[in-house]
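Participant:
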Amino acid sequence: MNELLTSDQLAEELGVKPQTIRLWRTKSRKGRPSGPKWTVIRQPNTHSRNIRYHRSDIEEWQNTNNPN
Numbered sequence: 001m002n003e004l005l006t007s008d009q010l011a012e013e014l015g016v017k018p019q020t021i022r023l024w025r026t027k028s029r030k031g032r033p034s035g036p037k038w039t040v041i042r043q044p045n046t047h048s049r050n051i052r053y054h055r056s057d058i059e060e061w062q063n064t065n066n067p068n
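Numbering (UniProt numbering), first residue to last: 1 to 68.
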């Protein structure tokens, strides 16, 4: 199963501040892709939305942006 991480969990794992993760999403929405892809999970019967990151997307982004 593909693990889902919150923005805070991703920030901790990458060693950056949560604000950095939010900035990456903002840049990506403005046409300047930054950071790994995210998924919006809508809660049934509410207007609530949660941002989550798939482990596979994080790994793909890391491999693309940090080649060894």
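Even glycine gets a Cβ: it sits at the ideal position worked out from N, Cα and C.
(1) Would you mind reading off the limits of the alpha helix (DSSP H) that contains N63?
(2) P36 and I58: beta carbons closer than 8 Å?
(3) For the putative contact between I41 and R49, defined by C-beta atoms under 8 Å, what is the C-beta separation to the nearest angstrom?
(4) Would you kindly work out how many angstroms separate the C-alpha atoms of E3 and S28, rounded to a whole number?
Facilitator: Working from what's here:
(1) Start at 1 with the first residue of the sequence shown, and residue 63 comes out as number 63. Taken as a continuous stretch (DSSP letters only), the alpha helix (DSSP H) holding N63 covers R55 to N65.
(2) For the purposes of this step, residue 36 is taken as the residue at position 36 of the sequence shown. For the purposes of this step, residue 58 is taken as the residue at position 58 of the sequence shown. Closer than 8 Å, so yes.
(3) Position 41 of the sequence shown, counting from 1, holds the residue named residue 41. Position 49 of the sequence shown, counting from 1, holds the residue named residue 49. Sure, about 7 Å apart at Cβ, within 8 Å.
(4) For this step, residue 3 is matched to residue 3 along the sequence shown. For this step, residue 28 is matched to residue 28 along the sequence shown. Rounded to the nearest angstrom, the gap between the Cα atoms of E3 and S28 is 22 Å.
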